[in-house]
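The next block holds one structure in the form of structure tokens; read it before the comments.
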Amino acid sequence: MKVFVIDVDKCTGCYACQFVCKDEHVGNDWSPIAKPQPDTGQFWMHLKEYIRGTVPKVEMHYIPLLCQHCDDAPCIKACDVEGVMYKREDGLVEIDADKCIGCRMCVDACPYDAIYFNDDLNLAQKCTGCAHLLDGGEWKVPRCADACHTEAIMFGEEEDFADLIAKAEILMPEEGCKPRVYYLNIPKKFVAGTIYDPAAKEIVEGATLTLKGADGATCTATTDGFGDFWFRGLADDASFTLTIAAPGFATKTIDGIVTAKDVNLGDIALAK
Amino acid sequence: MGDKDRKKVDVSVDKVTIKNLAMGGLLGGGGECFVDVKDGKAIRIRPYKYDWKTDFESLRPWTITRNGESLSPLSKALPAPFSLAYKKRTFSPNRIKFPLKRVDWDPNGERNPQNRGKSKYVRISWEEAIDLVASEVTRIHKEYGPLAILAQGDGHGENKTIHTPHGHQARLLDMMGGFTQQVRNPDSWEGWYWGAKHVWGQGFQGMMSPAANLIKDISENCDMVLKWGCDEETTPWGFTGQYASRISQFWTRAGIKQVYICPDLNYANAVHGDKWIPVLPNTDAALQLAVIYVWLTEGTWDKEYVKTHAVGMDKIEAYVLGTDEDGFPKTPEWASKKCGVPEWTIKALARQFAKNTTSIIHYFGGSAFRGPYSHEPGRLECVMLGMQGLGGPGVHQAQMTYFGMPRAEGLGSVRFFNPDLPERLTKPCWTTVHAWGPQLIPKTLIQDAIMKAPLVFHGSGGQECQTEEQFTKYTYPIEKEKGGVPIHMIWTDTPCRITCWNHGNWTIDAMKHDSIETIVAQHPWLENECLYADIILPANTTLEVEDIVTTVRQGPHFASVSIQEQSVRPVGESKSDYEIVAAIADKLGYGDEFTGGLSTMDLQKIVFDAMKMDKLTTWEDFYEKKTYVYKTATDWEQDPPGFRKFYEDPKSNPLLTPSGLLEFYSQRLADHFPDDKERPPFPQWVERGITHDESLASERAGMFPLLLMSNHPRWRTHAQGDDIVWARETPTGKVLGFDGYNYEPIWINPGDAEARGIKDGDVVKVFNERGIVLVGARVWERIMPGVVYVDHGARHDPLIPGKVDRGGAINTIAPNGLTSKNCCGQATSGYIVDVQKVKNEEWEAWRRDYPDAFARKYDPGAGLRFDAWVVER
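Respectively, the protein sequence lines represent chains A and B. Numbering of the first sequence is given in my numbering, commencing with residue 1 and proceeding in unit increments. Numbering of the second sequence is given in my numbering, commencing with residue 1001 and proceeding in unit increments.
Written as structure tokens, this is what we have:
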């Protein structure tokens, strides 16, 4: 059974996956696996970008979003026409482009918004896993994985990826769809800043920062040679109190830090 | 139904062609792809595989290790996304389908130069087009002499060798008695070309050279790398592809700290950065001086090295400490006000740099080394590295993946301009890299030459000219008795001066000048200067020609040479640039001399022979396989990294400077330009001068309070690729305006946007005295306050030619002024502008006064269309 394993930390956001999906499918007809993808506006492979933080503590990550090829696929259940939506023996979910009648039920049923409706052709379309190429025998991976220069998008047999899958997460687990697309290293929220001495106009290296959550759990960090500290991997919408301690300085506390977004506390002055 | 009962799709192909679809041009390769062809159609474009015809292990894949992590090549090429989208280029709605003539240009009557950029075009036959060009060449030669024709045969372009997109006209005109040469300046390297060369010698267009094994040495020794204006997720794409990403990721795994010093959260900074130090555009020199100040006052520099390896440290010391006539110390406090970096961060940077083994990484100049007076940061970088023991383990300047990769076996050179190729094939491209025409004009001075001649200038700016050439005094026109004459005809190919060079709006004015009687343009796409031409000749693209391409620049995993079979038939009536000029040569009676009677296969074999490939394989084997991949040299690790030999023994291994040492102070500059305040003998903080007043200290900053930075584009290679639909629809591709037009993005910080009432997605104008460019706002934290960012190279779409551009061609409003008084480079990043929302009354006035501009046919996906400018005869 095939799976996609996508390491978000390795993705540099080059969009080659999105481009080659179009290269394969715009203007090419691979019926019944797929009829042509519209030139613009629809993305069977959709790179989503996220900008986190404020100047100068800003980071980005990208998430390639595609049909999740679910084992418990709501689209297959939603489709009323015999033989249109089906799961292959290798796990890929397909829409038979010759049989789809354009009822849109699957489009509405997909919690991942991964199914597009092609008005011109009156049919539902989505990532096929490049099943037409895999069936041809020469291709072992779909176009997106072939073009990925950092090997962030991996594709293959489930058992070959067991170690990575054990560390991975799935999108929207609450939907219970049992997706076959696994994601590694999707960043959680950060709290960051720079500590400096306003009198000497110097950064403070080696300051100890303690971040305390509403539940009382704490984590610590130390400022580096730029006076920077980073707390990563924090939950969404959590509340924190930060305590900053450094030899020779008065301890400082910052309350009310909420990780609704990633938080850059900026350059923080530490008094003697 | 079981899978085995389902209908299988036929995915067989007729042939697999190799095409190198990067866009650096100049006979080089990069962006190696396979194009799968079936029934004459390009089905797909995918990364080339090194193990297609060769056992991968036989290529001797190398390994570099650090801290238990390793880096090795992959068996596939890593072309940029726009290379993989090349079908959208070849089949762009902007392709020129047949030869064109401007409706109101009559070679036997009224030529109406004032209507260039406004008038439309009619279809003509190839026969008529060739007749017109040939008769104009003959007429100009007779009336004024051969030097009255300017050949603009340079710049970026597709990777072709026989059919190279540039300079065939120069080769023909050379046979006919000469021409005026446009000499292309090192537009991506200005700061080093005009600056660093005077410190460490010729280098490679001023970049540090030799540059062998830099990636290995940096990987093994550095604790920190400073990516100073570097965006390795953008600038390598059009030249060598995406290998740099993998090096940066390796450095992250190996624990090498990556610090980005630039005004923007550029694409590499966003995913590889451990630290971002935002610096205001074109203020890097202040930051560098303050770093040196900290080292001097704290004694954290390599005094012994400087004593034996450099001259002029006393001058630097006196200037930085303020004990010379300048009289004030270049402290972090002083620098902070200029460059926008907090004082404490400047000190921290200086100390981290001194404490950790540190290299400075680039891939071209980014914004930092392409602004006014860019030779100052260019030289200060050499001084900083010199003060930390340049050439020692992990102390280098490196152009990441352009050089410094493991050496290939049997490959003569990895230069930009493959020196192994014979003159027959390289001569067209000489126009780009040497000054060799009898009468020449630097590309940055074309408009001055037309509007303000006579000109006197020093140095041609030719990319591979020697340092000494910067002291050569030129005049335009040259003396009459040597054939000197002002230009009256322009013959240009793959042109992009308006959108990629200095003050494009003035380029437009110059092209409309009545002294220019004829403009001939050859190009695959109807864009930029083509809109100001009188005769337009449709060239074709890489996919449409049979060629051979040598990918010898470093950056791909392995070098290769490939026979590039034709993938698809030419679009419309297009011909290759070579075929176009050959046809004109034939008409002029130079056909045999021009082609030399050589077939395509003859020329392919000439390349094979010139590259001495017979030592590596046989012609028959190569031609059958269509590709040869170079193996890694078995002794690659023995190559001394960078300046190592100089580091170890400067006396025996002198640099190419007069003293053989690093010249922090250049006596040669002092001797030749004793009064030059803009490029003094040693690098300084030059905020303004007779050439530029583009800093926030300018009085003009009251009107134009934002600094504009412009990097090489993410989604184009300079002007190439602006029509790729799939790039345009990404968040940083284009901004869909309220009017359905896709505007070039301008990045603006949320604070600056709010102060102007600008919201993300708004159509706004960026402007200064030189004109207005309409752009689409991207309001986000990817840009520091006080700075706006627009990539250069968007296609010019004149709303009012020379005044208002709708296509986002930001260089239309870049300064006309050169890098500095005696340096004919361009200064196209780091200048002052303002940004405002476009008012309703402005839209109404433009729509009322320029209805044609708004009525032009427009493709919602790809933008500009060929047929927008063509009318029935």
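Glycine included, C-beta positions come from ideal geometry on N, C-alpha and C. Here the structure is a predicted model, which means the values were calculated and not measured.
Asked, Found
"Does residue 1436 (chain B) come out as helix, strand or coil in the three-state DSSP assignment?", "coil"
"Does the Cβ of residue 1400 (chain B) have 16 or more other Cβ atoms within 10 Å, making it buried, or fewer, making it exposed?", "buried"
"Which residue's Cα is closest to the Cα of residue 1089 (chain B): B:1862, B:1867, B:1211?", "B:1862"
"Per DSSP, what kind of secondary structure is residue 1118 (chain B) in: helix, strand or coil?", "coil"
"With distances taken between CB atoms, is the gap from residue 1025 (chain B) to residue 1158 (chain B) smaller than 8 Å?", "yes"
"Write down every uninterrupted run of the alpha helix (DSSP H) in the segment 83-163 of chain A whose length is 4 residues or greater and which is fully enclosed by it, in chain order.", "105-109, 131-136, 143-147"
"On the three-pair Cβ rule with 8 Å, is the segment 1325-1334 of chain B touching the segment 1690-1706 of chain B?", "no"
"Under 8 Å, do residue 1046 (chain B) and residue 1034 (chain B) count as touching if we go by C-beta distance?", "yes"
"Determine, using beta carbons only, whether residue 88 (chain A) comes closer than 8 Å to chain B.", "yes"
"Taking C-beta pairs closer than 8 Å, name the residues in chain B that residue 28 (chain A) reaches, listed in chain order.", "1043, 1044"
"With which residues is residue 1108 (chain B) paired in a DSSP beta bridge?", "Note: residue 1108 (chain B) sits in no beta bridge, so no partner."
"Judging by CA-CA distance, which residue of B:1114, B:1100, B:1444 is the nearest neighbour of residue 1875 (chain B)?", "Because residue 1875 (chain B) is not part of the residues shown, which for chain B are 1001 to 1873, the question remains open."
"Is residue 1060 (chain B) helix, strand or coil by DSSP?", "coil"
"Can you list, in chain order, the residues of its chain with a C-beta nearer than 6 Å to that of residue 1239 (chain B)? Leave out the 5 residues immediately preceding and following it.", "1022, 1024, 1030"
"Which one of B:1050, B:1053, B:1016 has the shortest CA to CA distance from residue 1038 (chain B)?", "B:1016"
"Give me the DSSP bridge partner(s) of residue 61 (chain A).", "A:50"
"Can you tell me whether residue 1873 (chain B) is buried or exposed? The criterion is at least 16 other CB atoms within 10 Å of its CB, across all chains shown.", "exposed"
"Taking residue 961 (chain B) as the reference, which of B:1519, B:1498, B:1704, B:1138 has the closest Cα?", "With chain B running from 1001 to 1873 in the structure shown, residue 961 (chain B) is simply not present."
"To the nearest angstrom, how far is the alpha carbon of residue 109 (chain A) from that of residue 85 (chain A)?", "12 Å"
"Measuring alpha carbon to alpha carbon, tell me which of B:1716, B:1635, B:1348 ends up nearest residue 1290 (chain B).", "B:1348"
"By the 10 Å Cβ neighbour count, where 16 or more other Cβ atoms means buried, how is residue 1384 (chain B) classified, buried or exposed?", "buried"
"Go ahead and label residue 68 (chain A) buried or exposed: buried means 16 or more other beta carbons lie within 10 angstroms of its beta carbon, across all protein chains shown.", "buried"
"Whole-angstrom Cβ separation of residue 1214 (chain B) and residue 1408 (chain B), contact assumed at under 8 Å?", "That belief does not hold up - the Cβ atoms of residue 1214 (chain B) and residue 1408 (chain B) are roughly 16 Å apart, past 8 Å."
"Measure the beta-carbon distance from residue 1786 (chain B) to residue 1752 (chain B) and round it to whole angstroms, keeping in mind my assumption that it falls under 8 Å.", "7 Å"
"Between residue 170 (chain A) and residue 17 (chain A), is the Cβ-Cβ spacing less than 8 Å?", "no"
"CA-CA distance, residue 1553 (chain B) and residue 1336 (chain B)?", "39 Å"
"Residue 1457 (chain B): buried (16+ other C-beta within 10 angstroms of its C-beta) or exposed?", "buried"
"So which residues on chain B does residue 150 (chain A) lean against when the C-beta distance must stay under 7 Å?", "1245, 1246, 1249"
"Within its chain, find whatever has a CB closer than 6 Å to the CB of residue 953 (chain B); leave out the 5 residues flanking it on each side and keep chain order.", "Limits of chain B in this structure are 1001 at one end and 1873 at the other, which puts residue 953 (chain B) out of reach."
"Nearest to residue 1723 (chain B) by CA position, among B:1478, B:1339, B:1667, B:1807, is which residue?", "B:1807"
"With the cut-off set at 8 Å, would you say residue 1777 (chain B) and residue 1833 (chain B) are in Cβ contact?", "no"
"At the level of alpha carbons, what is the spacing between residue 1529 (chain B) and residue 1835 (chain B)?", "26 Å"
"What residues from chain B crowd round residue 144 (chain A), counting only those whose CB sits closer than 9 Å?", "None at all; the shortest Cβ gap to chain B is about 11 Å."
"Does residue 1780 (chain B) come within less than 8 Å of chain A when only Cβ atoms are used?", "yes"
"Is residue 286 (chain A) close to chain B, meaning its C-beta is less than 8 Å from at least one C-beta of that chain?", "The structure shown has nothing for residue 286 (chain A), since chain A only spans 1 to 272."
"Residues of the segment 58-86 of chain A with a CB closer than 7 Å to any CB of chain B: list them in chain order, please.", "58, 59, 60, 83"
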